[in-house]
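K.L.:
Chains as they are written, first to last, in the working numbering: chain A, 1 to 480; chain B, 1001 to 1325. Where a beta carbon is used, it is the ideal one built from N, C-alpha and C, also for glycine. Keep in mind it's a predicted model, so treat the numbers as computed, not measured. Pasting a structure below so you can have a look.
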């Protein structure tokens, strides 16, 4: 039974907006040109491929549902003949909410150990009293319940990892070859070239879109994910945390949180920033004063403190109205949305100021003056002449803000004013891992995992943002 | 000049009133003092008496905006709005929820904050400007490209990792300086090194990249071409012309954040155990001490606005083209 959380709905809305915008941009050269330039930059396409991987996982994690509870085994049912009929007619659903990604990774989710274990370990990280076959107790590292449990002899571990890794790599390469073949075939068909011709052009780097870079990045990502999948089936490739949960699973689940914060915040703030910014610049006078006052006031409050204040108040509200939330997931989801909104409130002022300045200039442009003197209404003039000419600013801001927001999530969660503590996020991972750093030997894998996953996403986003800004910023375009 | 400053200060007043109203709404209207008391007392089934005692102890037992029971002027002053919000304008921060004087705490704690933030800013500025100049000197070479990639990579690392990594490397691995803590007087120096180094490294990526764009903007200007046409050497062009003009946006940007240095660095201070305003804020957030958070919101806004005014003034000082209006 599908469940649509509020942030899910907003994600779908965001996708719809993105598609609509994509169609709009495709038909307007002043937006299409810069995007084409982005598509021709090797850095840009490589970053895009990485981001697509993240977005894919995030989307899978956004399709939530109540899982079907397996009907009880027939043996049990014979005792309860009366219940049997109702059981078969109406399928029962668990109250738990899980996502498609959870289902897909159900192995990872369910294979919980007792407590910490290092990456690829087959023994627990802490010593415990183990009962020997002869009944005596010794203190040692017990074998993990799942990690490497298929190994009879622990000494085989390295060879096993190597073989499985190689197997995963081969699988990844096969998948990559398939994707590559389709890509080249499509391109050849589109350009009406022969397959070989197309392939050799790509490999010599003669195509306008750097397909070679795309394919290399794709190979890297595919091989990595297949190797990880192959190994994760038998080991905890990034170790387990304090309660024995797989860190790799946590990292994957955190992707959605990061993406939601990075994108929904902008989506939430866009209407206010665009409408108010354009109004302030276009109408000027009293309207301008009021709007300027509004954003100066809001931006004068230090962002972290405003967020802290708002989140504290939300916590008070939630503890006092605990009965309004059906489940923990729903509650965490609402908090996530609220965090996006409050982050939006603190970050819309920059865009608003930019748009005001730009509309102030555009208002005096000849074509706007001409439209006005021909009797075009204000609303039409804004929609037809101002808005399309400030869209590039909106787009640059959206892309530029993304990485900052992902990083902000980590800091906020670290201060306990971020997402709900029950929600998987990189900030929460770092937060709980920092307490374990004092251990000797150190428990470093949660930190390392959060670092790698976050760094990859933010780096890709930053590189893409650079390319997008260069493509859209007319000043830079003239200079280069 | 003084008339201009006065007018700017007057203009700041409505903004502060706005900030005050926002915090008031956020802290007292969204959730009633009863809700807050229940949260603080921690139990769901607290009695009304316990709530009332808590409210009386912390001065939340008055009406929000208008006190009908008190006569005369008291109708307006014997209210939460007057006691808790308006008094902030006189920098009278009152008592924290745990009973300490907030104003005293702030005066005590702003010096350690400054002791970390100011060196971080200055050292960071020096390194970022020199690095950006170096990149400029080697522009359009592999050094330029590699540096930019390095800077973007540095920007992509969360500040948390710099802190944790710095503490691990310098403190634990090399045992160079104490991991955390603070001391009075000169003894504090050895505790300051680590936070300052971490703060500088964490900030270098974004600031150097920003300064690089400032420099690149200047180097395409006409006066640079003129300078080169006159036969000036590259070094003279860079230092005498480009650097001095690019310093205008850099310095005015620095002036804007100067007042905020008192607020300290939130995460760094709390991680390294420095008793500054940043860790004060973090502690208040974790203890859910609303009075302190409210005071810090107000203080932060005041400092921000002072920074804005100082930026405008500094523009007129360093750039003669800008006139006061």
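Would you check if the distance between the CB atom of residue 436 (chain A) and the CB atom of residue 425 (chain A) is smaller than 8 Å?
P.N.:
Taking 8 Å as the Cβ cut-off, residue 436 (chain A) and residue 425 (chain A) do not qualify as a contacting pair.
K.L.:
Consider the Cβ of residue 210 (chain A): report whether some Cβ of chain B lies at a distance smaller than 8 Å.
P.N.:
Not an interface residue.
K.L.:
Can you name, in chain order, every residue of its own chain whose Cβ lies under 7 Å from the Cβ of residue 50 (chain A), other than the five neighbours on each side?
P.N.:
Contacts found: 217, 221, 456 and 460.
K.L.:
Under 8 Å between the Cβ atoms of residue 14 (chain A) and residue 57 (chain A)?
P.N.:
Cβ atoms of residue 14 (chain A) and residue 57 (chain A): not closer than 8 Å.
K.L.:
Using DSSP bridges, identify the partner residues of residue 240 (chain A).
P.N.:
Beta-bridge pairing links residue 240 (chain A) to A:117 and A:246.
K.L.:
For the region 394-411 of chain A against the region 1153-1164 of chain B, are there 3 or more C-beta pairs whose distance is under 8 Å?
P.N.:
Touching, per the Cβ criterion.
K.L.:
Between the region 1294-1306 of chain B and chain A, which residues of the former have CB atoms less than 7 Å from a CB of the latter, in chain order?
P.N.:
Residues 1296, 1297, 1300, 1301, 1304 and 1305.
K.L.:
Run the CB neighbour count on residue 1090 (chain B), radius 10 Å, all protein chains shown included, and call it buried at 16 or more, exposed below.
P.N.:
Classification for residue 1090 (chain B): exposed.
K.L.:
Below 8 Å on the Cβ atoms is my guess for residue 1307 (chain B) versus residue 1259 (chain B); work out the distance and round it to an integer in Å.
P.N.:
Indeed they touch by this definition, with Cβ atoms about 5 Å apart.
K.L.:
Under 9 Å between beta-carbons, which chain A residues line up against residue 1038 (chain B)? List them in chain order, please.
P.N.:
What residue 1038 (chain B) touches in chain A: 316, 319 and 320.
K.L.:
Using the rule of at least 16 other Cβ atoms within 10 Å of the residue's Cβ for burial, across every protein chain shown, is residue 199 (chain A) buried or exposed?
P.N.:
Buried is the call here.
K.L.:
Smallest Cα separation from residue 166 (chain A): which of A:227, A:192 and A:122?
P.N.:
Among A:227, A:192 and A:122, the Cα nearest to that of residue 166 (chain A) belongs to A:227.
K.L.:
Secondary structure at residue 1156 (chain B), three-state DSSP: helix, strand or coil?
P.N.:
Coil, per DSSP.
K.L.:
Any beta-carbon of chain A closer than 8 Å to the one on residue 1263 (chain B)?
P.N.:
Judged by the 8 Å Cβ criterion, residue 1263 (chain B) is in contact with chain A.
K.L.:
Any idea what DSSP makes of residue 2 (chain A), helix, strand or coil?
P.N.:
It is a strand residue.
K.L.:
For residue 410 (chain A), which residues in chain B fall below 7 Å Cβ to Cβ?
P.N.:
Per Cβ cutoff of 7 Å: 1158 and 1160.
K.L.:
Output the residue ranges of the alpha helix (DSSP H) runs that lie fully inside the region 219-295 of chain A and measure 4 residues or longer, sorted by chain position.
P.N.:
DSSP runs (the alpha helix (DSSP H)) wholly in the region 219-295 of chain A: 247-283.
K.L.:
Spatial neighbours of residue 1219 (chain B) within its chain, please: CB distance less than 6 Å, with the 5 preceding and 5 following residues excluded, ordered by chain position.
P.N.:
So the qualifying residues of the chain are 1242.
K.L.:
Please go through the same chain and pick out, in chain order, the residues whose beta-carbon is closer than 6 Å to the beta-carbon of residue 207 (chain A), but skip the five residues on each side of it.
P.N.:
Result list for residue 207 (chain A): 201, in chain order.
K.L.:
Under three-state DSSP, which class holds residue 321 (chain A)?
P.N.:
If DSSP states are grouped into helix, strand and coil, residue 321 (chain A) belongs with coil.
K.L.:
Distance check for residue 1266 (chain B) and residue 303 (chain A), CA to CA, integer angstroms please.
P.N.:
Whole-angstrom Cα-Cα distance: 12 Å.
K.L.:
Can you look up residue 77 (chain A) in the DSSP assignment and give me helix, strand or coil?
P.N.:
Confidence is the limiting factor: at residue 77 (chain A) the pLDDT is only 47, short of 50, which leaves the residue's position unreliable, though a coordinate-based value still follows. The answer is helix: DSSP assigns residue 77 (chain A) an H, G or I state.
K.L.:
Spatial neighbours of residue 344 (chain A) within its chain, please: C-beta separation below 6 Å, excluding the five flanking residues on both sides.
P.N.:
Same-chain partners within the cutoff: 265, 268 and 269.
K.L.:
What do you reckon, are the CB atoms on residue 105 (chain A) and residue 115 (chain A) nearer than 8 Å?
P.N.:
No, Cβ-Cβ distance for residue 105 (chain A) and residue 115 (chain A) is not below 8 Å.
K.L.:
Compute the distance between the beta-carbons of residue 281 (chain A) and residue 359 (chain A), then report whether it is under 8 Å.
P.N.:
It is a contact, given that the beta carbons lie within the stated cut-off.
K.L.:
Taking only beta-carbon positions, decide if residue 1154 (chain B) is within less than 8 Å of chain A.
P.N.:
Not one chain A Cβ lies under 8 Å of residue 1154 (chain B).
K.L.:
Tell me, to the nearest whole angstrom, how far the beta carbon of residue 422 (chain A) is from that of residue 322 (chain A); I am working on the premise that it is less than 8 Å.
P.N.:
At roughly 14 Å, the Cβ-Cβ gap does not stay under 8 Å, so residue 422 (chain A) and residue 322 (chain A) are not in contact.
K.L.:
What separation, rounded to the nearest whole angstrom, lies between the Cα atoms of residue 1274 (chain B) and residue 271 (chain A)?
P.N.:
Whole-angstrom Cα-Cα distance: 41 Å.
K.L.:
In chain order, what residues of the same chain have a beta carbon less than 6 Å from the beta carbon of residue 446 (chain A), not counting five sequence neighbours either side?
P.N.:
Once the five neighbours on either side are set aside, the close Cβ partners of residue 446 (chain A) are 241, 247, 429 and 433.
K.L.:
Please report the straight-line C-alpha distance between residue 1357 (chain B) and residue 1262 (chain B), rounded to a whole angstrom.
P.N.:
Within the shown structure, residues of chain B are numbered from 1001 to 1325, placing residue 1357 (chain B) beyond reach of any answer.
K.L.:
Whose C-alpha, out of B:1318, B:1309, B:1321 and B:1319, is nearest the C-alpha of residue 1006 (chain B)?
P.N.:
The shortest Cα separation from residue 1006 (chain B) among B:1318, B:1309, B:1321 and B:1319 belongs to B:1309.
K.L.:
With a threshold of 8 Å on Cβ separation, who are the neighbours of residue 139 (chain A) within its own chain once the five nearest residues in sequence on each side are excluded?
P.N.:
Excluding residues within five positions, the ones whose Cβ falls inside 8 Å are 127, 128, 129 and 130.
K.L.:
Span of the beta strand (DSSP E) holding residue 131 (chain A)?
P.N.:
Looking at the DSSP string, the run of the beta strand (DSSP E) that includes residue 131 (chain A) is 128-131.
K.L.:
Less than 8 Å between CB atoms is the rule here; does residue 1312 (chain B) satisfy it with respect to chain A?
P.N.:
Not one chain A Cβ lies under 8 Å of residue 1312 (chain B).
K.L.:
Using a C-beta to C-beta distance shorter than 7 Å, which residues of chain A count as neighbours of residue 1288 (chain B)?
P.N.:
The answer, in chain order, is 312.
K.L.:
If you draw a straight line from the alpha carbon of residue 391 (chain A) to that of residue 39 (chain A), how long is it in whole angstroms?
P.N.:
Roughly 19 Å between the two C-alpha positions.
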